[in-house]
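Beneath this line is the structure, given in structure tokens, with notes to follow.
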RNA sequence: GGCCCUAUCGUCUAGUUGGUCUAGGACGUAGCGUUCUCAGCGCUAAAACAUGGGUUCAAAUCCCAUUAGGGCUACCA
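In structure tokens:
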């Protein structure tokens with residue numbers, strides 16, 4: 001039975017990298033018919049915060065990455081760690097150390113300046129202290145493991161020194177707690193970021209003396225910033241939750257994330273969650289770091305926006321538009337239909353569609369197409385206005401009306417008719433086509449806007 | 001500094017048992033077309049196997065070195 005876990009620590013904003021690690025774990029579990037567990041690594045009491053924990057949970061829910069069972073909190077498992085710590089102490093694999101931090105720092109600097117790898121000297125190893133931090137008696141040996149993504153990796157543990165595994169019996173540290181938890185929870189595969197490769201030998205050797213069967217390891221490539229540095233929460237000052245606020249769709253985020261370091265067998269870019277589950281394979285995960293590409297994310301988001309069914313899009317748009325628009329539901333739906341292919345994010349919608357609800361002031365000069373004399377623009381606009389006036393409301397929606405307008409445009413010059421018409425209707429230099437706008441606005445409002453344009457031209 | 005990981009277009013990548021690769025796709029970029037603009041859509045183009053040695057009839061694919069980039073080097077995770 002495959003059991004994997006996502007084990008973030010609530011000590012900072014939930015990042016894109018965290019989300020990707022969660023996704024890969026979840027995908028692997030689903031593909032294998034196994035379980036995906038969530039463990040909150042909150043052993044660091046000073047840095048752990050409730051709001052970060054909420055961020056983690058909300059993000060996973062938003063993405064639809066549901067976990068099995070209840071959340072495991074390390075802070076609630078202190079008794080378990082204590083038991084293992086006691087065992088290590090009793091068997092002589094661990095000892096208390098009360099070297100001061102200053103002393104340790106001086107030692108480190110001295111080693112560094114001699115060009116040596118800094119490691120604890122082992123001063124307290126045989127002192128039989130009864131208090132202080134708890135260190136692990138690191139045996140010197142070559143340790144190797146098979147990474148599911150990278151193949152065999154070898155380390156020399158004599159370079160490590162006696163690492164601190166707990167600040168006290170009640171305060172376990174990461175490398176130790178992970179080993180205990182993965183074992184106690186029955187984790188079969190540990191899928192995590194590449195930044196943990198160098199922690200793996202420490203965990204492996206702890207498992208060895210504890211007589212624990214190690215899980216399989218898979219280290220994911222890091223997500224990098226455009227200048228190829230580890231993507232930190234500092235990047236763009238963005239936490240994962242901000243993508244939701246900025247109008248990104250969960251399905252777009254998922255699709256973007258899965259392509260960062262993985263690719264399906266056929267070169268497809270658009271993948272539903274079901275397809276990801278069906279095709280996910282750790283063997284196809286990339287080894288090199290992947291640079292975060294904002295434009296590709298935007299393209300994916302636009303793609304999903306464009307292909308969303310109109311009522312669903314309306315639902316998603318709700319938090320991003322004013323309640324006044326929401327009341328004019330029929331108009332709003334027509335507007336969404338027209339503007340959706342122009343959307344890069346849900347956030348764009350309000351800006352893009354504003355003119356449908358209320359036209360903004362614009363300069364008369366905007367109505368002029370290239371070098372056409374303003375006289376000509378005026379008469380063209382008048383012709384169109386009269387033409388519209390002569391039609392019954394329902395006729396404006398028919399294809400014949402559209403045809404006739406274009407016939408007119410053919411005769412008078414397309415730009416000279418269509419450009420001023422469109423500007424008169426939208427007040428913008430770029431917008432959907434004039435016919436689409438007329439159909440949405442209706443006869444009365446369209447004529448009102450054309451008259452306004454006429455007035456502007458007269459006064460200029 | 002030490003240890004570890006990595007290396008195909010600007011970016012994500014296909015290429016995984018070496019030949020079918022004059023290296024394919026996508027984003028982006030440029031051009032053209034599509035009812036004025038924008039968007040969308042379609043077509044076209046430019047754009048890469050880091051370098052040097054091997055192994056082999058044959059290497060982007062295997063080996064070694066170099067170079068470059070990244071990660072770790074806490075009483076953080």
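Residue numbers (this note's numbering): 1 to 460.
Ideal Cβ positions, reconstructed from N, Cα and C, are used throughout, including at glycine.
As assigned by DSSP and simplified to three states, the class of residue i
i           : result
residue 322 : coil
residue 152 : strand
residue 304 : helix
residue 147 : strand
residue 456 : helix
residue 218 : strand
residue 17  : helix
residue 198 : helix
residue 423 : helix
residue 280 : coil
residue 354 : helix
residue 183 : helix
residue 11  : coil
residue 409 : helix
residue 399 : helix
residue 130 : coil
residue 328 : coil
residue 334 : helix
residue 62  : helix
residue 394 : helix
residue 162 : coil
residue 106 : helix
residue 366 : helix
Cβ pair residue i, residue j closer than 7 Å
i           : j           : result
residue 178 : residue 84  : no
residue 5   : residue 39  : yes
residue 211 : residue 249 : no
residue 409 : residue 453 : no
residue 471 : residue 367 : Residue 471 cannot be examined here, being either before or after the span of the chain that is shown, 1 to 460.
residue 239 : residue 24  : no
residue 290 : residue 201 : no
residue 46  : residue 10  : no
residue 26  : residue 244 : no
residue 150 : residue 287 : yes
residue 338 : residue 432 : yes
residue 246 : residue 345 : yes
residue 217 : residue 147 : yes
residue 382 : residue 304 : no
residue 439 : residue 397 : yes
residue 229 : residue 364 : no
residue 32  : residue 2   : yes
residue 215 : residue 43  : no
residue 388 : residue 420 : no
residue 121 : residue 96  : no
residue 412 : residue 380 : yes
Sheet register partners of residue i (DSSP bridge)
i           : result
residue 224 : 230 and 291
residue 171 : 168
residue 94  : 136
residue 35  : 3
residue 474 : Past the boundaries of the shown model lies residue 474; the chain is included only from 1 to 460, so the question cannot be answered.
residue 491 : For the chain, the structure presents residues 1 to 460; residue 491 sits outside this window and is missing.
residue 142 : 156
Rounded distance between the beta-carbons of residue j and residue i, thought under 8 Å
i           : j           : result
residue 185 : residue 72  : 7 Å
residue 138 : residue 112 : That belief does not hold up - the Cβ atoms of residue 138 and residue 112 are roughly 19 Å apart, past 8 Å.
residue 326 : residue 318 : 7 Å
residue 165 : residue 123 : Actually they are not in contact, since the Cβ atoms of residue 165 and residue 123 sit about 17 Å apart, beyond 8 Å.
residue 187 : residue 30  : So it is not a contact: roughly 16 Å between Cβ atoms.
residue 441 : residue 405 : Contact doesn't hold; Cβ gap of about 15 Å is too wide.
residue 204 : residue 176 : At roughly 13 Å, the Cβ-Cβ gap does not stay under 8 Å, so residue 204 and residue 176 are not in contact.
residue 37  : residue 67  : 6 Å
Contacting residues, own chain, Cβ-Cβ under 7 Å from residue i (five flanking each side not counted)
i           : result
residue 169 : 82 and 85
residue 260 : 20, 223 and 290
residue 341 : 306
residue 118 : 108, 111 and 112
residue 156 : 142
residue 22  : 6, 60 and 65
residue 34  : 1, 2, 3 and 4
Close-in-space but distant-in-sequence residues of the same chain around residue i (CB under 6 Å, 5 per side omitted)
i           : result
residue 372 : 416
residue 394 : none
residue 197 : 219
residue 297 : 256
Cut-off 8 Å between Cβ atoms - residues of its own chain near residue i, not counting five sequence neighbours on either side
i           : result
residue 265 : 279 and 284
residue 195 : 222 and 230
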